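Participant:
Residue numbers (the working numbering), protein chains in the order written: chain B, 1 to 204; chain W, 1001 to 1248.
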């Protein structure tokens, strides 16, 4: 690995006889927008595990997660030409589509009573302990984990309940027994703190 | 809801924690506020980073299925297909879609009217939420009853119907989960049957509604709970019965 990297570093880019396939998601999306199915295959390999993992975490049900993952990836193919790099990174664009679809599915399925029945029947999920555990225990990216630790307890719970469980801010307010305006504010300032900690910038 | 209130939703919006009405109002707001857009973009970018740790390997067959699906899927053209529009095409496309979303929800009107309507809709939603809370309490009372009996039967065409009954509460929590939604203009209808009498319907699901959980009074004491497929709005007597749950 190190040798390969070193060899590449010594080789001037304009001399490479066989260019390495692009592994930047943005480059791949540009190819996909032109109908390049091979580029889509590479994008699949790069993002499918995270897309599936995210959707599965929100939906819980592996079969449904598979279905929604397929919908999302087909949507990426269909709308690739609409990706606008001035509004954010290509990966974020993909995960935004994935998250929105997962949450739409949750909302379509669930009335308040619906959830109660599922909890009553299965008696497993506590409202948020599990997610907090997952977030603090399994985040692969150390940076995100470290930054999550910098949030206040309420900020972290508000952000994780919404993002990983697909709860609306009203539901989050109920779950945390916190007034609605406070929850809205904590979601916003929680994300702002996370943004500053992660050094996220979108430059048009 | 004035623009300041709308902007307070920026965090919830970035986390997809708003409902459709609020989303439309918010997107209208950022279409009018270029400075706000940077904050939205950055918070969305930040929220997407939360997906970094959610790695999970999908079943291997999914790749083939997705590749086959894209082979059948027509792609959208670039937004700047209109000559001479350059990059602004994307912005214009967004404004159209935002305007369209707002129009669907709010029809035409001045900004003030739009927000007033929005506000009323949100109040209506709060009323709906309180009703949902009452229903939830009732649901919990039934599900935690000492005499709870739960029965499940499959549905024709896939899915299942679960009836959780408490005679002491005089009601059941019914869960209908069909694998496929009823076709356009069709709906699932619920029935109770006692002895040789005619089936009585305690309610109809919304047209096209695929799954639902309802509290249904008076189910205990009947012999059978059934679900049928009907024209939207329901029928006087069941047409096509798709599930029967014996209650005795």
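Yeah, the Cβ is synthetic: ideal placement off N, Cα and C, and Gly gets one too.
Here the structure is a predicted model, which is why all the values come from computation and not from measurement.
Tell whether a beta-carbon distance below 8 angstroms holds between residue 52 of chain B and residue 1017 of chain W.
Facilitator: Within the first chain, residue 52 of chain B is the residue found at index 52, counting from 1. Within the second chain, residue 1017 of chain W is the residue found at index 17, counting from 1. No, they are not a contact pair.
Participant: Does the distance from the CB of residue 1212 of chain W to the CB of residue 1226 of chain W come in under 8 angstroms?
Facilitator: Within the second chain, residue 1212 of chain W is the residue found at index 212, counting from 1. Within the second chain, residue 1226 of chain W is the residue found at index 226, counting from 1. No, the pair does not count as a contact, with Cβ atoms beyond the cut-off.
Participant: Are the Cβ atoms of residue 200 of chain B and residue 183 of chain B separated by less than 8 angstroms?
Facilitator: As a working mapping, residue 200 of chain B is identified with position 200 in the first chain. As a working mapping, residue 183 of chain B is identified with position 183 in the first chain. For residue 200 of chain B and residue 183 of chain B, no; Cβs fall outside 8 angstroms.
Participant: Check whether the Cβ of residue 1049 of chain W lies closer than 8 angstroms to any Cβ atom in chain B.
Facilitator: In the second chain, counting from the first residue as 1, residue 1049 of chain W sits at position 49. So, interface residue.
Participant: Go to residue 1191 of chain W, then tell me how far its beta strand (DSSP E) extends in each direction, as first and last residue.
Facilitator: By one-based count along the second chain, residue 1191 of chain W stands at place 191. Segment 1186 to 1193, the beta strand (DSSP E) holding residue 1191 of chain W.
Participant: Give the straight-line distance between the Cα atoms of residue 147 of chain B and residue 194 of chain B, rounded to the nearest whole angstrom.
Facilitator: As a position in the first chain, residue 147 of chain B is number 147, starting the count at 1. As a position in the first chain, residue 194 of chain B is number 194, starting the count at 1. Computed Cα separation, rounded: 6 angstroms.
Participant: Is the CB-CB distance between residue 1065 of chain W and residue 64 of chain B below 8 angstroms?
Facilitator: For the purposes of this step, residue 1065 of chain W is taken as residue 65 along the second chain, with counting starting at 1. For the purposes of this step, residue 64 of chain B is taken as residue 64 along the first chain, with counting starting at 1. Contact: no.
Participant: Which residues in chain W have a C-beta closer than 9 angstroms to the C-beta of residue 201 of chain B? List them in chain order.
Facilitator: The sequence position of residue 201 of chain B within the first chain is 201, counting from 1. 1042, 1045, listed in chain order.
Participant: Could one say the Cβ of residue 60 of chain B lies closer than 8 angstroms to chain W's Cβ atoms, at least one of them?
Facilitator: By one-based count along the first chain, residue 60 of chain B stands at place 60. By this cut-off, residue 60 of chain B is not an interface position.
Participant: Measuring alpha carbon to alpha carbon, tell me which of W/1147, W/1032, W/1178, W/1230 ends up nearest residue 1161 of chain W.
Facilitator: The sequence position of residue 1161 of chain W within the second chain is 161, counting from 1. Comparing Cα positions, the closest option is W/1178.
Participant: Applying the criterion that 16 or more other CB atoms from any shown protein chain within 10 Å of the CB defines a buried residue, is residue 1110 of chain W buried or exposed?
Facilitator: Start at 1 with the first residue of the second chain, and residue 1110 of chain W comes out as number 110. At residue 1110 of chain W, the pLDDT of 40 sits below 50, so the modelled position is not reliable; the number obtained from the coordinates is stated separately. When all chains shown are included, residue 1110 of chain W counts as exposed.
Participant: State buried or exposed for residue 1168 of chain W, treating a residue as buried only when at least 16 other CB atoms are found within 10 Å of its CB.
Facilitator: Along the second chain, read from residue 1 onward, the residue named residue 1168 of chain W stands at position 168. Flag for residue 1168 of chain W reads exposed.
Participant: Can the beta-carbon of residue 1006 of chain W be found less than 8 angstroms from the beta-carbon of residue 1026 of chain W?
Facilitator: Working through the second chain from its first residue, we reach residue 1006 of chain W at position 6. Working through the second chain from its first residue, we reach residue 1026 of chain W at position 26. Cβ atoms of residue 1006 of chain W and residue 1026 of chain W: closer than 8 angstroms.
Participant: Just the Cα atoms here: how many angstroms apart are residue 1154 of chain W and residue 1176 of chain W?
Facilitator: Here residue 1154 of chain W corresponds to residue number 154 of the second chain, with the count starting at 1. Here residue 1176 of chain W corresponds to residue number 176 of the second chain, with the count starting at 1. If you take the alpha carbons of residue 1154 of chain W and residue 1176 of chain W, they lie about 10 angstroms apart.
Participant: Distance check for residue 83 of chain B and residue 41 of chain B, CA to CA, integer angstroms please.
Facilitator: The residue given as residue 41 of chain B occupies position 41 in the first chain. The residue given as residue 83 of chain B occupies position 83 in the first chain. Going by the C-alpha atoms only, they are around 18 angstroms apart.
Participant: Should residue 1047 of chain W and residue 1008 of chain W be called a contact, given that it needs their Cβ atoms to be closer than 8 angstroms?
Facilitator: Stepping through the second chain from its first residue, residue 1047 of chain W is reached at position 47. Stepping through the second chain from its first residue, residue 1008 of chain W is reached at position 8. Not in contact: residue 1047 of chain W and residue 1008 of chain W (Cβ atoms no closer than 8 angstroms).
Participant: Give the C-beta separation of residue 176 of chain B and residue 158 of chain B to the nearest angstrom, bearing in mind that I take them to be a contact with Cβ-Cβ under 8 angstroms.
Facilitator: Working through the first chain from its first residue, we reach residue 176 of chain B at position 176. Working through the first chain from its first residue, we reach residue 158 of chain B at position 158. Rounded, the Cβ-Cβ distance is 7 angstroms, consistent with contact.
Participant: Assuming residue 59 of chain B and residue 105 of chain B are in contact, meaning their beta carbons sit under 8 angstroms apart, how far apart are those beta carbons, in whole angstroms?
Facilitator: For the purposes of this step, residue 59 of chain B is taken as residue 59 along the first chain, with counting starting at 1. For the purposes of this step, residue 105 of chain B is taken as residue 105 along the first chain, with counting starting at 1. Contact holds; Cβ gap of about 6 angstroms.
Participant: Mapping DSSP to helix, strand and coil, what is residue 211 of chain B?
Facilitator: There is no way to answer for residue 211 of chain B, as the model of chain B reaches only from 1 to 204.
Participant: Quick one: grab the DSSP three-state call for residue 1049 of chain W.
Facilitator: Sequence index remark: in the second chain, residue 1049 of chain W carries index 49 (1-based). If DSSP states are grouped into helix, strand and coil, residue 1049 of chain W belongs with the helices.
Participant: Using C-beta distances below 7 angstroms, list every residue in its chain close to residue 1201 of chain W, excluding the 5 sequence neighbours before and after it, in chain order.
Facilitator: Position 201 of the second chain, counted from the first residue, corresponds to residue 1201 of chain W. 1189, 1190, 1191, 1234, listed in sequence order.
Participant: Using 8 angstroms as the cut-off, can you tell me whether the region 25 to 42 of chain B makes contact with the region 1029 to 1048 of chain W, which would need three or more C-beta pairs spanning the two stretches below that distance?
Facilitator: With a cut-off of 8 angstroms, the region 1029 to 1048 of chain W and the region 25 to 42 of chain B do not count as touching, because too few Cβ pairs lie within range.
Participant: So, is the C-beta of residue 49 of chain B closer than 8 angstroms to a C-beta in chain W?
Facilitator: The count along the first chain starts at 1 and reaches residue 49 of chain B at position 49. Yes, residue 49 of chain B counts as interfacial toward chain W.
Participant: By the 10 Å Cβ neighbour count, where 16 or more other Cβ atoms means buried, how is residue 153 of chain B classified, buried or exposed?
Facilitator: Position 153 of the first chain, counted from the first residue, corresponds to residue 153 of chain B. With fewer than 16 other Cβ atoms within 10 Å, it is exposed.
Participant: Could you check whether the Cβ of residue 1176 of chain W sits closer than 8 angstroms to any Cβ belonging to chain B?
Facilitator: If you number the second chain from 1, residue 1176 of chain W lands on position 176. No, residue 1176 of chain W does not count as interfacial toward chain B.
Participant: Identify the contact partners of residue 1063 of chain W in chain B, using a Cβ-Cβ distance below 9 angstroms as the criterion.
Facilitator: Here residue 1063 of chain W refers to the residue found at position 63 when the second chain is read from its first residue. Within 9 angstroms Cβ-Cβ: 41, 44, 45, 48.
Participant: Run down chain W in chain order and give the residues with a C-beta less than 7 angstroms from the C-beta of residue 96 of chain B.
Facilitator: Taking the first residue of the first chain as position 1, residue 96 of chain B is located at position 96. In chain order: 1044, 1048.
Participant: Who are the Cβ neighbours of residue 1166 of chain W in its own chain at under 6 angstroms, not counting the five residues just before and after it?
Facilitator: Translated into the one-based positions of the second chain, residue 1166 of chain W becomes position 166. 1142, 1145, 1147, 1148, listed in sequence order.
Participant: Taking 8 angstroms as the threshold (beta carbon to beta carbon), is residue 73 of chain B in contact with chain W?
Facilitator: Here residue 73 of chain B is taken as the residue at index 73 of the first chain, counted from 1. Output row for residue 73 of chain B: interface = yes.
Participant: Taking the beta carbon of residue 1053 of chain W as the centre, do at least 16 other beta carbons fall within 10 Å, making it buried, or is it exposed?
Facilitator: Locating residue 1053 of chain W in the second chain gives position 53, counting from the first residue. Its Cβ being crowded by 16 or more others within 10 Å, residue 1053 of chain W is buried.
Participant: Among the residues of its own chain, which have a CB less than 6 angstroms from the CB of residue 985 of chain W, if the five just before and after it don't count?
Facilitator: The structure shown does not extend to residue 985 of chain W, since chain W is modelled only from 1001 to 1248, so the question has no answer here.
Participant: Anything in chain W within Cβ reach of residue 182 of chain B, meaning under 9 angstroms, just list it in chain order.
Facilitator: One-based indexing of the first chain puts residue 182 of chain B at position 182. Near residue 182 of chain B there are no residues of chain W at all, since even the closest Cβ is about 11 angstroms away, more than 9 angstroms.
Participant: What in chain W is Cβ-close to residue 57 of chain B, meaning under 7 angstroms?
Facilitator: As a first step, residue 57 of chain B is located in the first chain; it is residue number 57 there, counting from the start. Near residue 57 of chain B (Cβ distances below 7 angstroms), the residues of chain W are 1054.
Participant: Measuring only between beta-carbons, confirm whether residue 82 of chain B sits less than 8 angstroms from chain W.
Facilitator: One-based indexing of the first chain puts residue 82 of chain B at position 82. Chain W contact via Cβ: present.
Participant: Run the CB neighbour count on residue 34 of chain B, radius 10 Å, all protein chains shown included, and call it buried at 16 or more, exposed below.
Facilitator: What you label residue 34 of chain B is simply residue 34 of the first chain in a count that begins at 1. By the 10 Å Cβ count, residue 34 of chain B comes out exposed.
Participant: Counting contacts by CB-CB distance shorter than 8 angstroms, is residue 1154 of chain W in contact with chain B?
Facilitator: The sequence position of residue 1154 of chain W within the second chain is 154, counting from 1. Not an interface residue.
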